[in-house]
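Trainee: Everything in the sequence shown is counted per the numbering used here, starting at 1 for the first residue and increasing by one. Just so you know, even glycine gets a beta-carbon here, dropped at the ideal spot from N, CA and C. Here the structure is a predicted model, which means the values were calculated and not measured. One structure is given below, represented as structure tokens, and several questions about it will come after.
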Amino acid sequence: MSTSETSQFIRLRVELVVEVESADALTKAALDRIEADVDLAADERVHAESAVTQDTSEALSYLVDPFDLVSEVPGVDLAQASWSSEHIDYDPDSPEWDLDEDDVAEDEEDDRVR
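Shown next, in the form of structure tokens:
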């Protein structure tokens, strides 16, 4: 594909693993964000408050916004975003969590395609 035929859309994949050091602080921050959201309907507010107080992964998901990641990047307009969070078992020493492993497999696949 030549430069003029290349799509203007880019899929950016980001995977983060975070350690919650204070579930109370995280939940409070999510509740503060919900309270400050003037566009949130009353029934949606009740649902959001319930979700973030029952599950810290929901609180984190409510606070992390993909738009915030790219809103200050010049020449970029967010076309679509989806995200989720979940509790996981994490062992940083496990080969399963080797972040470079996926890159190697993709590089090898790219080489075969060329």
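Going by beta carbon distance, what residues of the same chain come within less than 7 Å of Trp83, once the five residues before and after it are set aside?
Mentor: For this step, residue 83 is matched to residue 83 along the sequence shown. The answer, listed in chain order, is Ser61, Val64 and Pro66.
Trainee: In terms of residue numbering, what span does the alpha helix (DSSP H) encompassing Val52 cover?
Mentor: Your numbering for residue 52 matches position 52 in the sequence shown. That run of the alpha helix (DSSP H) goes Ala42 to Gln54.
Trainee: Please classify Glu35 as buried or exposed, where buried requires at least 16 neighbouring CB atoms within 10 angstroms.
Mentor: By 1-based counting over the sequence shown, the position of residue 35 is 35. The residue in question, Glu35, is exposed, as its Cβ has fewer than 16 Cβ neighbours within 10 Å.
Trainee: Go ahead and pull the three-state DSSP assignment for Thr27.
Mentor: As a first step, residue 27 must be located in the sequence shown, where it is residue number 27. DSSP places Thr27 in helix when its eight states are reduced to three.
Trainee: Are there 16 or more other CB atoms within 10 angstroms of the CB of Glu153, so buried, or fewer, so exposed?
Mentor: Since the displayed the chain opens at 1 and closes at 114, residue 153 lies outside it and no answer follows.
Trainee: What residue range does the alpha helix (DSSP H) around Pro66 cover?
Mentor: Translated into the one-based positions of the sequence shown, residue 66 becomes position 66. Unbroken alpha helix (DSSP H) run through Pro66: Pro66 to Val70.
Trainee: Can you give the beta carbon distance from Leu171 to Val52, rounded, assuming they're within the 8 Å contact cut?
Mentor: This structure does not reach residue 171, given that the chain is present from 1 up to 114, and the question cannot be answered.
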